[in-house]
Each structure stands twice: as structure tokens, then as C-alpha cells.
Amino acid sequence: MKHETDIQAETARIPGPLSALGLSIIMLTVAIDQLSKWIADANLVYQQGIELVPNFLALYRVNNTGIAFSLGNSADSVILVILTSIVTLVILYVWRGSTEGGRLAAAGFALIVGGAIGNLIDRVWHGHVIDFLFLHWGARGFFVFNLADVALSIGPVLLAWVYLFHGSKKAG
């Protein structure tokens, strides 16, 4: 028979990595990311831009051998695969042990994991990550990214929102 504290702990837990919500967001993130990269790789001429939003966003396919914002381009691909795998496992561990934050926190964790897996697939399969969205202001370029990177950016924002601005309140 379960004690009242055990039941409270179970109901307080956020949807975990193996929940329907967690798995759905992870799989959807990976699928959309990989499909978009496949389309970009098949249809965009390497390093030739196509403006989507003039002076702001262009399609521009590149092969990123580094990490975010092309940092670490000289790093060995195997090292980056190992580091990405370790960080992803740590995120899964933290997520699994989280007891507050609700569905919004679960979505944040899932976007981080899905984005990391999407880029990890590229790194293992191609030896680099396919980036194809170029953010720029006129002639001044900022960075080229992909949809996994978008998930890797939105996920921490959701977690910050939940844990910094909602404190210990349940967020959904």
C-alpha cells in the first residue's frame, strides 16, 4: 500500500521523458528537424542564399562542423558526439527527477532533448550539422542555424520562464 507522501510525489511529478507528452514532443522535434534538413540539403545550393525576409532571414545551406554559432569548428567530430550525448543524458536525468513545472517544463526539456538528438543524428550520419537559416541585418550576418537549434533555444526559455518567473508554482 502506498503512503500519502508517495502518492503526492507521484502526482507532483511533471510528465517525464517517457510520457506521451515527452515522447511526442521529442519525436516531433526530431522528425521536423530531420525533414527540414533533408529538404534543405536536397534543394539548396551550398552557400548560395535565397532571401525569405529581405535584409533579415535567408535560406543559406552550410555544413557546421562546430557547435552553436560555429564555435569549435576545429573540434573532432567524435568528441562533439560524445559531449552532446553526455549533455543530453544529463538533461534527461534532470528532467526525470524534476517534480515541479508541469507540462510547460516538460515541453522545455523535450525541446532540448529533441533538438540535441536532431543535431546528433546529423553529426553521426554526416560528420557535420546541416544549417540552412541565415539570420542577418542587411549585409551584416549573425548566424546560420536549423530547426533543432530553434528547439534548443526555445526549450531553455520555457524552463527559465517556468522556474525563474513562476518559482515553485505548478505551471500546468
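Here the sequence shown stands for residues 51 to 222, numbered as in my numbering. Even for Gly, the Cβ is constructed at its ideal location relative to N, Cα and C.
{"Query": "For L139, the residue or residues it bridges with in DSSP", "Result": "L139 pairs with nothing; no bridge assigned."}
{"Query": "Contacts around Q97, its chain only, beta-carbon distance under 8 Å, and the 5 residues preceding and following it disregarded", "Result": "Y110, R111, V112"}
{"Query": "W145, buried or exposed, once every other Cβ within 10 Å from all chains shown has been counted against 16", "Result": "buried"}
{"Query": "Helix, strand or coil at F106 according to DSSP, with G and I counted as helix", "Result": "coil"}
{"Query": "DSSP three-state assignment for H178, whether helix, strand or coil", "Result": "coil"}
{"Query": "At least 3 beta-carbon pairs within less than 8 Å: the region 166-176 vs the region 197-206", "Result": "yes"}
{"Query": "Sheet register partners of V194 (DSSP bridge)", "Result": "F184"}
{"Query": "In DSSP terms, what E101 is bridged to", "Result": "A108"}
{"Query": "Expected contact under 8 Å - CB spacing of V80 and I167 to nearest Å", "Result": "5 Å"}
{"Query": "Residues that DSSP places opposite N114 in a beta bridge", "Result": "V179"}
{"Query": "Local conformation of E60 per DSSP, three classes", "Result": "With a pLDDT of 46 at E60, under the threshold of 50, the modelled position of this residue cannot be trusted; read the value that follows with caution. Three-state result, E60: helix."}
{"Query": "Three-state class that DSSP yields for G66 in the structure shown", "Result": "coil"}
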